[in-house]
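So the sequence lines, in the order shown, correspond to chains B and E. Position one of the first sequence corresponds to residue 62 (the working numbering), numbered consecutively onward. Position one of the second sequence corresponds to residue 2 (the working numbering), numbered consecutively onward. Heads up, the beta-carbon is just placed ideally off N, CA and C, and yes, glycines get one too. Structure first, then comments.
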Amino acid sequence: MRTIDPLSATLAALSDPTRRAILEKLAKGEATVNTLAQPLKISLPGVSKHLKVLQKAGLVVQGRDAQRRPCRLNAKRLQDVAIWAERFRRNWEESFGRLDEYLSEITKKETPK
Amino acid sequence: MTDTIQREGTITLPSDREIVMQRVFNAPARTLFDVWTKPEHVRKWYGVRSTTVTVCDIDLRVGGAWRWVVTKPQGMEIAFSGVFLEIDPPHRLQRTECFEGMPGEALVTLSFDEKDGQTTLTMHMLFENKEQRDGCLHSGMELGVRECYQKIDELLASL
Chain B
62 MRTIDPLSAT
72 LAALSDPTRR
82 AILEKLAKGE
92 ATVNTLAQPL
102 KISLPGVSKH
112 LKVLQKAGLV
122 VQGRDAQRRP
132 CRLNAKRLQD
142 VAIWAERFRR
152 NWEESFGRLD
162 EYLSEITKKE
172 TPK
Chain E
2 MTDTIQREGT
12 ITLPSDREIV
22 MQRVFNAPAR
32 TLFDVWTKPE
42 HVRKWYGVRS
52 TTVTVCDIDL
62 RVGGAWRWVV
72 TKPQGMEIAF
82 SGVFLEIDPP
92 HRLQRTECFE
102 GMPGEALVTL
112 SFDEKDGQTT
122 LTMHMLFENK
132 EQRDGCLHSG
142 MELGVRECYQ
152 KIDELLASL
């Protein structure tokens, strides 16, 4: 298996909208897998899968309480440069989204049928 | 809309001085090269949606200068400028890039790689040092797009 550096793991973890939604939710306070699954309308195994990725990236830690195993945000990790990179990417993505629209506009004009 | 496949770009940080972004566009390389090098095109797409391109000077020759200014709704201006170093349409474009008001200059190489009518754009940014690379990434945090991270911003602010 390819070893992934921590920065890339954080970037990969942040690149998914569902995982970003989970982080947003956890930014408000700790939550169990159940309470995370409900508003996001995804299955428990689905949430668990995403949580595993977030945990591996060090963005989320899960408590030891055997019954509840509450998850919370590892805020320290969030100050990482990966967060800036993801935001930087999203800014560009907004330009690129506009560019997609513009490209489809001009390529339509260029190929009249 | 049938053309809404997920096409988000990727970002990697291969070293402390670099940023690499990749994105696939549904257009030939020729067209993509044009939209990066002709002001009338750049004005139509560059910048986050709330901003307007108010200056777009492009002197497309080796040693020629470029300067793009985007203006936010509140009137704040953000300016980028530099000089073209390599122009190889429609494959490669290399230019220096300075975020005016910030120290240093980045070397930005755009590669356009066409396959089956689609073109992968690779934007490679090389900075003088890690501080400037990180400064560039961090500046992105102030440029708009807050929706998804607002809660995290609030959390960070409270630490």
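Can you tell me where the alpha helix (DSSP H) holding residue i begins and where it ends?
i                  : result
phenylalanine 34/E : 30-38
valine 94/B        : 94-101
leucine 75/B       : 67-75
valine 108/B       : 105-117
arginine 80/B      : 78-88
How long is the line joining the alpha carbons of residue i and residue j, rounded to whole angstroms?
i                : j                : result
glutamate 106/E  : arginine 130/B   : 48 Å
lysine 170/B     : glutamate 101/E  : 36 Å
cysteine 99/E    : alanine 28/E     : 28 Å
glycine 136/E    : isoleucine 20/E  : 12 Å
aspartate 77/B   : alanine 98/B     : 16 Å
arginine 8/E     : asparagine 152/B : 15 Å
cysteine 149/E   : glutamate 85/B   : Confidence is the limiting factor: at cysteine 149/E the pLDDT is only 36, short of 50, which leaves the residue's position unreliable and the question unanswerable from this model.
isoleucine 83/B  : alanine 92/B     : 10 Å
methionine 103/E : glycine 107/B    : 43 Å
leucine 164/B    : glutamine 75/E   : 28 Å
lysine 39/E      : aspartate 141/B  : 37 Å
Starting from residue i, trace the beta strand (DSSP E) both ways and give me its first and last residue.
i               : result
leucine 111/E   : 107-116
glutamate 132/E : Element bounds for glutamate 132/E: not the beta strand (DSSP E) but the alpha helix (DSSP H), 131-140.
arginine 134/B  : Sequence check: residue 134/B is leucine here, not arginine. Looking at the DSSP string, the run of the beta strand (DSSP E) that includes leucine 134/B is 132-134.
arginine 93/E   : 93-100
threonine 11/E  : 11-13
aspartate 60/E  : From DSSP, aspartate 60/E is part of no beta strand (DSSP E); its letter is neither H nor E.
So, under 8 Å CB-CB, residue i and residue j are touching, yes? Tell me the CB distance rounded to an integer number of Å.
i                  : j               : result
alanine 146/B      : leucine 61/E    : About 30 Å; that fails the 8 Å criterion.
arginine 138/B     : valine 114/B    : Their Cβ separation, rounded to whole angstroms, is 13 Å, which puts arginine 138/B and valine 114/B out of contact at 8 Å.
phenylalanine 85/E : tryptophan 69/E : Not really, about 13 Å apart at Cβ, beyond 8 Å.
histidine 92/E     : alanine 30/E    : 7 Å
valine 94/B        : leucine 112/B   : 7 Å
Can you give me the Cβ contacts of residue i inside the same chain, cut-off strictly under 8 Å, excluding the 5 residues immediately before and after it?
i                : result
tryptophan 46/E  : Val36
isoleucine 144/B : Thr71 and Leu75
arginine 44/E    : Val54 and Cys57
proline 100/B    : Lys86
glycine 63/E     : For clarity, residue 63/E is valine in the given sequence; the question names glycine instead. Cβ within range, chain order: Phe85, Leu86, Glu87 and Ile88.
Got a sec? Which residues, its chain only, sit under 7 Å from residue i by beta carbon, not counting five neighbours each side?
i                : result
histidine 42/E   : Asp35 and Val36
asparagine 135/B : Gly119, Leu120, Val121 and Val122
threonine 121/E  : Gln23, Val25 and Asp114
alanine 70/B     : Lys117 and Ala118
Is any heavy atom in the ligand NAD found nearer than 7 Å to the beta carbon of residue i?
i               : result
aspartate 126/B : This structure simply doesn't include the ligand NAD, nor any ligand for that matter.
What residues in its chain sit with their C-beta under 6 Å from that of residue i, if we drop five residues either side in the sequence?
i               : result
arginine 11/E   : Here the sequence assigns threonine to residue 11/E, which means arginine is not the residue at that position. The answer, listed in chain order, is Gln23.
arginine 134/E  : Arg18 and Phe128
threonine 13/E  : Val21
methionine 77/E : none
ask   = What are the residues of the region 148-169 of chain B that lie near chain E, defined by any Cβ-Cβ distance shorter than 9 Å?
value = Going along the region 148-169 of chain B in chain order, one finds Arg148, Phe149, Arg150, Arg151, Asn152, Trp153, Glu154, Glu155, Ser156, Phe157, Gly158, Arg159, Leu160, Asp161, Glu162, Tyr163, Leu164, Ser165, Glu166, Ile167 and Thr168 with a Cβ nearer than 9 Å to chain E.
key: chain B contacts made by the region 50-68 of chain E, where a contact means CB separation under 8 Å   = For chain B, the residues of the region 50-68 of chain E that bring a beta carbon within less than 8 Å of one of its beta carbons are Arg50, in chain order.
query = Of all the residues that make up the region 7-27 of chain E, which are near chain B by a beta-carbon distance shorter than 8 Å?
reply = Correct list: Arg8, Glu9, Gly10, Thr11, Ile12, Thr13, Leu14, Ile20, Met22, Arg24, Phe26 and Asn27.
Chain B contacts from the region 26-47 of chain E (Cβ-Cβ distance under 7 Å) = Listed by position, the residues of the region 26-47 of chain E near chain B (Cβ gap below 7 Å) are Phe26, Asn27, Ala28, Thr32, Val36, Lys45, Trp46 and Tyr47.
key: Proximal residues, the region 132-148 of chain B versus chain E, C-beta separation under 9 Å   = For the region 132-148 of chain B, which is checked against every Cβ of chain E, the residues closer than 9 Å are Leu134, Ala136, Lys137, Leu139, Gln140, Val142, Ala143, Ile144, Trp145, Ala146, Glu147 and Arg148.
ask   = Between the region 88-113 of chain B and chain E, which residues of the former have a C-beta closer than 7 Å to a C-beta of the latter?
value = Taking 7 Å as the Cβ-Cβ cut-off against chain E, the residues of the region 88-113 of chain B that qualify are Ala88 and Lys89.
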